[in-house]
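K.L.:
The structure is given below, and queries will be raised subsequently.
Residue numbers (our numbering): 2 to 132.
What follows is the structure, encoded as structure tokens:
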């Protein structure tokens, strides 16, 4: 398995861990009875670390499909070069750093770091045209 696919698998793991963390933070804030319910009555918006981690997960969910598509396309086309390797690394490590900065409430740094995984996806896609 090449490094791009390895980072895709690692990104799946990161996403699952992120979901589990948000689930526990929701349960601690809203109670396990709410978590186990059908959630027909929405809970109050999460605040503090719980809210920031939940919003970081939503942002992850917005970018992850683009990363998956890019990695699957380069794999299917046999495209593997420095752009795809660096792009996949930028996405993976950028998303990790972004999540930590969001949770720690460093808004300006988080906003700047958001660009790193986005640039990574663009690099992967650009590699298709430069093949």
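Where a beta carbon is used, it is the ideal one built from N, C-alpha and C, also for glycine.
In chain order, what residues of the same chain lie with their CB nearer than 6 Å to the CB of residue 9, ignoring the 5 residues before and after it?
P.N.:
So the qualifying residues of the chain are 72.
K.L.:
Could you tell me if residue 69 is buried or exposed, where buried requires 16 or more neighbouring beta carbons within 10 angstroms of its beta carbon?
P.N.:
Residue 69 should be labelled exposed.
K.L.:
So, with DSSP's three-state summary, where would you put residue 27?
P.N.:
Of the three classes helix, strand and coil, the one that applies to residue 27 here is helix, per DSSP.
K.L.:
Between the Cα of residue 117 and those of 106, 130, 100, spot the shortest distance and give me the residue it belongs to.
P.N.:
Nearest C-alpha to residue 117: 100.
K.L.:
Would you say residue 64 and residue 119 are within 8 Å of each other, going by their C-beta atoms?
P.N.:
Cβ atoms of residue 64 and residue 119: closer than 8 Å.
K.L.:
Which residues in the same chain have their Cβ closer than 8 Å to the Cβ of residue 26, if we skip the five residues on either side of it in sequence?
P.N.:
The answer, listed in chain order, is 47, 50, 51, 54, 55.
K.L.:
Judging by CA-CA distance, which residue of 113, 61, 5 is the nearest neighbour of residue 155?
P.N.:
Absent from the model: residue 155. The displayed extent of the chain is 2 to 132, so no value can be given.
K.L.:
With distances taken between CB atoms, is the gap from residue 44 to residue 34 smaller than 8 Å?
P.N.:
No, the pair does not count as a contact, with Cβ atoms beyond the cut-off.
K.L.:
Using a threshold of 8 Å, state whether the C-beta atoms of residue 67 and residue 12 are closer than that.
P.N.:
Result no, Cβ atoms of residue 67 and residue 12 do not sit closer than 8 Å.
K.L.:
Excluding the five sequence neighbours on either side, which residues of its own chain have a C-beta within less than 8 Å of the C-beta of residue 91, listed in chain order?
P.N.:
Contacts found: 117, 118, 120, 121, 124.
K.L.:
What ranges does the alpha helix (DSSP H) occupy inside the segment 9-97, keeping only unbroken runs of at least 4 residues that lie completely in it?
P.N.:
Those alpha helix (DSSP H) runs which fall completely within the segment 9-97 and span 4+ residues are 33-37, 49-78.
K.L.:
Spatial neighbours of residue 132 within its chain, please: CB distance less than 6 Å, with the 5 preceding and 5 following residues excluded, ordered by chain position.
P.N.:
Answer for residue 132: 80, listed in chain order.
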